[in-house]
Every structure is written in structure tokens, then in C-alpha cells.
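Those letters in the sequence shown? Residues 0 to 458, per numbering that gives the first Met the number 0, in order. In this text, a Cβ means the ideal position worked out from N, Cα and C, and glycines have one as well.
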Amino acid sequence: MLASKFLATLEVRPVGVSVTHRDLLAGLNIPLLDEGVDDLTVLEEMVRGADPGIIGSAGARYFGFVIGGALRVTVAADWMTSTWDQNAGIYATSPAASVIEEVVSRWVLELLRLPSTASVGFVTGCQMANFTALAAARHAVLRKAGWNVEEQGLSGAPRVNVVLGAEAHITVYAALRMLGFGTKTAVLAQTDEQGRVRAESLRETLQGLSGPTIVCLQAGNVNSGSFDSFPETIALAHSAGAWVHVDSAFGLWAAASNQRRHLVAGIEGADSWATDAHKWLNVPYDSGIVVVADSAAHRASMTVTAAYLQQTAGGERDNFDWAPEFSRRARGIPIYAAIRHLGRSGVEAIVDRCCDHAALFAKLLGEQEHVEILNDVVLNQVLVRFHAEGRDSDEVTRAVIQQVQNDGVCWLGGTTWHGMAAMRVSVSSWATTETDVRVSAEAILKASRAVRGLSGNRE
Ligand SMILES: *Cc1c(COP(=O)(O)O)cnc(C)c1O
């Protein structure tokens, strides 16, 4: 009831929120009591207290960051996941969760056209997918150098070179930090005007390095949506003996689309991939996926052993072999529901629709005189900059973003792209329609007129 009521408000509620921290605390910060409270009261009061601070990202007009919605069937599947309350860590604690994740693994590999022999882990998000993949990479490159990092640690280990594109996502750095590589030791290959790694720079970087090496590439730049050129860069890295990891939180899903697959051509030649299900597959948080071609390295970097863990007899899947967690939620279940519900064509349709919507945004905004589209719109991301005569465009752009957020028709965030302030549009929700895009573009243009002091009039 409470959930349906919320979903029904998504169409009309302001997408962003204007509530203050203090207001939210006033509704939610109840003293811890000795006595408990009945179920319904808890839920009703919690929902009432939280509502003013709930962002409409499950709705159709949220274009901030890169955030998907949640397909209805995945919300229901997620509810079943909680109802079943399985510990998905071990086959013995949930045979069903294990088998579902085994099946989903196969579907994911097929859908995203990755090697059928690769191993798959279900993690909380792409940050942990990057972490897991790079742990497998760390294992493999050090093993080749005669070092068992899981047993011997990193002190005294051969130095591992880590090469990143200059626009690697911050979560790759977070993964490096957690893996003991540090963030400042990474060597950066230069990127081009769209944020893609320059093959020439990668070649030069690799020439200057020797020993165990990991190269991180990117499918779907978080600002521009651009893709590194995989055939070229993967070949370069492999000829230098490096492990190639691709951070492809949303970009990997281009592989599910006939029209967009060319963007990820050659990506299947990498050694590991990190992606999200909570972005483009539109399952509820939290849901990331890690794929590793060398399943032995994947397992060696994650597995644990204990006397009370029985060996499974028939090759049954213990999920703790493939993810950093031990006990955990059966997060493969909503992914199962999403893929089963959508089929290949449904996943493709979401990807294509979001990309078409992004192109429409770029057209509707870009054809206006005071608006500039900064990136090649190859995927679902659009970078928009606003100008006004005699004024600083950074300031104008930030003011337009603020105005749009205040209006509440849609929500978009800002970024700095190659030194310029920009509005960042990301179309990642299954729910967004062409009408939502037109209404939102009009709201953005209205805000831009207001900032330029031309209230009301069309350009
Ligand atoms: C979103 C994103 C991440 C981080 O994913 P989380 O699911 O938020 O952990 C990493 N890399 C890229 C390119 C992303 O877009």
C-alpha cells in the first residue's frame, strides 16, 4: 500500500527535494525508546518522515549522475529476496539463490557477449566490481611473477604497475586504494577531447614500464559516455603482457544493442569487466556485476576456506568464491527477474530508448542559440553548457542547473568537463518517455531564459 502510493506520486512530485537536513531530522530523529512500536505505525511514520527527503530517481525525469530506475518486476523480486531472507553466501545456506546466480551468470555473459567460460560475481555496485576484478588482476600478475599475494601480502612483493586512462572513474582509484596499490602510484595515459584513452599515449606509457602490469580501460565515460578503442588498446596492453580491466559500469550494456554494439567492439578480449545492474538494467540498489575471464584467478582472490564449509559435490556454486562478501543478500534474484522479463529485445530496447532520448535532448537543447552541447552524444550522456551575453558561462551554467533543480520538473546535476562547467544529462531509466524528454528540455530552456533575465518568452 505505502509502496504503491509512493509509485503513484512519482509522476507529479518534484523530482528533486528542497528539504533541509534539519527538517528531515525533525521528522525522523525520534529518541530511542524502551518500548517498541507496532509494525504499521513504524512504517507509516517512517514513510511520512522520509518522504520530503526522497529523491524521485525511481521516476521518469531524473537525469542526474548515472542512475537507473527499478522495473516493477524487479521491485517485486527484491521484495521476495527480503521475504525469503536467504544467505546467498554458500550453496548450503541457499541452494536456490546459488542456482539463480548460476543461471543469471550465464544470461549476463550471453547478453553482454563476454566469454562463456568467464566467472561472474554479484556485488554491491561497480566500485566493488572494480575492486573484485582488480583483486583478481593483482593475483594473476603477481602469480606470474612468482608471488602469492593472498598468502604473502604486498610487502616485499614485486612492484605492480597500474596504468589508467586520465579520466578513469574515481571508484577505480578507490579500488586501488583498498587493494594496497595506492592512488598516486598509478600511471596515467592521456585521453582525447571525448575522454578516450589515446592509443599513442598508452603505447608510450607501456614502453616505459616493466614487470607485472594492470591496464584499466573504460566503456562509458561518466561525463561524455565515450568508449576507449578496445581492439587497439587491448592489443597494446596484451602485447606488453598486461592484464586488461574494463570499467564498464553502464557502457557494457551497449553490447546488448544491435545499433550500439560497435561501441564496445573488441571489449570481449579484455581480462575482466566491472558493470552495474542498478544502472542500465534498472534493478533496485544495490547491484553490481564483476566478470573475470580467468576464473581461477577470480576464485583465488576471493575464496575462503573453513572446516565448517563442506565441499560441494557436484560443482555447485558457492557465491563467496566470486565476491568480497561472505554472508550476503541474494542480489542475483532481481537481476534474474529483470532479464527474464525483458528478454534480449527488452534490454536492447531500454538501451536504445535511453540513447535516442539523449540524442533528442542534445537536439532540442543544442538547436537553441545560447546552448552548447560539449560532447559527441554516442550513448546516453549529454553535456550541456549555457551562455549569456557578457557573462561568465560557468556561472550561467551553474545558475541554470540550480534553477532547474529548484523548478522540480526534472533533475540534473553539474560537472566540470575539461575545465568548463557543464550540465550533465544521463538518461538511464526504463520509465523515461519521449514526452518526459520534451517536457524536461522545455523546463531546462525555461530555466535558461530565466537566468538570462528573459522570463516567459520563447527564444
Ligand atoms: C557509476 C560508475 C561507477 C561506480 O559504480 P557504483 O555502482 O556507484 O559503485 C564506476 N565507473 C563508472 C564509469 C560509473 O559510471
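Task: The alpha helix (DSSP H) enclosing I99, as first and last residue numbers - done: 94-110
Task: Rounded distance between the beta-carbons of R260 and A253, thought under 8 Å - done: 6 Å
TODO: Starting from Y61, follow its DSSP beta bridges and name the residues at the other end.
DONE: According to DSSP, Y61 bridges with W410.
TODO: List the endpoints of the continuous beta strand (DSSP E) containing T459.
DONE: With the chain running from 0 to 458 in the structure shown, residue 459 is simply not present.
Task: Residue(s) in a DSSP beta bridge with I213 - done: V161, W242
- [ ] Could you spell out where the beta strand (DSSP E) holding E192 opens and where it closes?
- [x] If you look at E192, you'll find it isn't in any beta strand (DSSP E); DSSP assigns it neither H nor E.
Open item on the list: So for V36, helix, strand or coil by DSSP?
Closed with: For V36, the three-state secondary structure derived from DSSP is coil.
Open item on the list: Using C-beta distances below 8 Å, list every residue in its chain close to T415, excluding the 5 sequence neighbours before and after it, in chain order.
Closed with: A421
Task: Residues near W429 in its chain [Cβ-Cβ closer than 7 Å; skip 5 each side] - done: G68, L70, N281, I349
Task: Alpha-carbon to alpha-carbon, L205 and G389 - done: Each residue's alpha carbon lies about 46 Å from the other.
Task: Residues that DSSP places opposite M419 in a beta bridge - done: W416
TODO: List the residues that DSSP assigns as beta-bridge partners of F249.
DONE: For F249, which the question treats as bridged, DSSP gives no partner whatsoever.
Open item on the list: Any heavy atom of ligand 1 closer than 7 Å to the beta-carbon of T232?
Closed with: no
TODO: Check the DSSP bridge columns for E371 and list the partner residues they point to.
DONE: R384
Task: Residues bridged to V263 (per DSSP) - done: Answer is none; V263 lacks a bridge partner.
Task: Member of S238, N28, E44, G55 whose CA lies at the smallest distance from the CA of A7 - done: G55
Task: Cβ neighbour criterion (16 or more within 10 Å) applied to G15 - done: buried
Task: Among T431, L453, K445, G287, nearest to Y61 - alpha-carbon criterion - done: T431
Task: Span separating the alpha-carbon of M419 from that of E44 - done: Taking the straight line joining both Cα atoms gives about 44 Å.
Open item on the list: Let's see if you can read the secondary structure: which residues bound the alpha helix (DSSP H) around G26?
Closed with: 20-27
Open item on the list: Can you give me the C-alpha to C-alpha distance between S425 and A306, rounded to a whole angstrom?
Closed with: 48 Å
TODO: Go through its chain and collect everything with a Cβ distance to E101's Cβ below 7 Å, but skip five positions before and after it.
DONE: R316
Open item on the list: Just to confirm before moving on: does the CB-CB distance between V399 and S447 stay below 8 Å?
Closed with: yes
TODO: Consider the C-beta atom of Q126 and the heavy atoms of ligand 1; say whether any pair is separated by less than 7 Å.
DONE: yes
Task: Distance cut-off 7 Å: D246 Cβ against heavy atoms of ligand 1 - done: yes
- [ ] Output the boundary residues of the alpha helix (DSSP H) element that contains I443.
- [x] 433-450
Task: Check whether M79 and I332 have beta carbons under 8 Å apart - done: yes
- [ ] Leaving out five residues on either side along the sequence, give the residues of the same chain with a beta carbon under 8 Å from the beta carbon of N456.
- [x] The pLDDT assigned to N456 is 48, lower than 50, so where the model puts this residue is not dependable; a value taken from the coordinates is nonetheless given after this. Cβ contact annotation for N456 (same chain, cutoff 8 Å, sequence separation greater than five): R448, in chain order.
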